[in-house]
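For reference, the structure discussed in these notes is given below.
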Amino acid sequence: MKKICWIFSINVRGMAPFGYSTTMNLRQAKSFQEKIKTLLPAEIVTQFISYDISSNDIPAADLLVFNDMDSNYLSEEIKKQGIAVSFKDMVSGNTTVIRKTILNALNLGGI
């Protein structure tokens, strides 16, 4: 079983989330998240979070995922342990490319 922690939005000390994913309306964001979960193999558990950038904590997961636009807000430690997916692919619904990127990062590219 592999765990992905997707930093879907960013916040500071629990204040309102910000970041590029927050430009998606709630329906679009939920639909995107559900589609990602169904496209990935059953042995991959995906958790979508809002990450507090004022914290030094690094989420526990086999892979951290975030969009390339929000990576500017994240620490170097998180960037080293994770992968950036294209925000353009997210908003355009290009989940096939995102799926391939995630599976390759987990060394599951053949699935």
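In this note's numbering, the protein residues as written are 294 to 404. Note that CB positions come from ideal geometry on N, CA and C, so glycine has one too. Bear in mind that the values here come from a model prediction, so they are computed numbers and not experimental data.
In angstroms, rounded to a whole number, what distance separates the CA positions of residue i and residue j?
| i | j | result |
| --- | --- | --- |
| SER302 | GLY375 | 15 angstroms |
| LEU333 | ASN365 | 26 angstroms |
| ASP350 | GLY402 | 29 angstroms |
| VAL305 | ASP382 | 26 angstroms |
| MET317 | ASN360 | 13 angstroms |
| GLN321 | MET294 | 28 angstroms |
| LYS330 | SER368 | 26 angstroms |
| GLY312 | ILE391 | 19 angstroms |
| ALA309 | ILE346 | 12 angstroms |
| ILE337 | ILE297 | 7 angstroms |
Beta-carbon within less than 7 angstroms of residue i's beta-carbon, same chain only, minus the 5 sequence neighbours each way: which residues are those?
| i | result |
| --- | --- |
| THR394 | ILE376 and VAL378 |
What does DSSP give as the partner residue(s) for residue i in the beta ladder?
| i | result |
| --- | --- |
| LEU357 | CYS298 and GLY375 |
| GLN340 | CYS298 |
| ASP345 | ASN304 |
| PHE311 | ILE303 |
Skipping 5 residues on each side, what residues in its chain have a beta carbon closer than 6 angstroms to that of residue i?
| i | result |
| --- | --- |
| PHE341 | TRP299, PHE301 and GLN326 |
Which same chain residues end up closer than 8 angstroms to residue i when comparing Cβ atoms and leaving out the 5 residues on each side of it in sequence?
| i | result |
| --- | --- |
| GLU370 | ILE351 |
| LYS323 | none |
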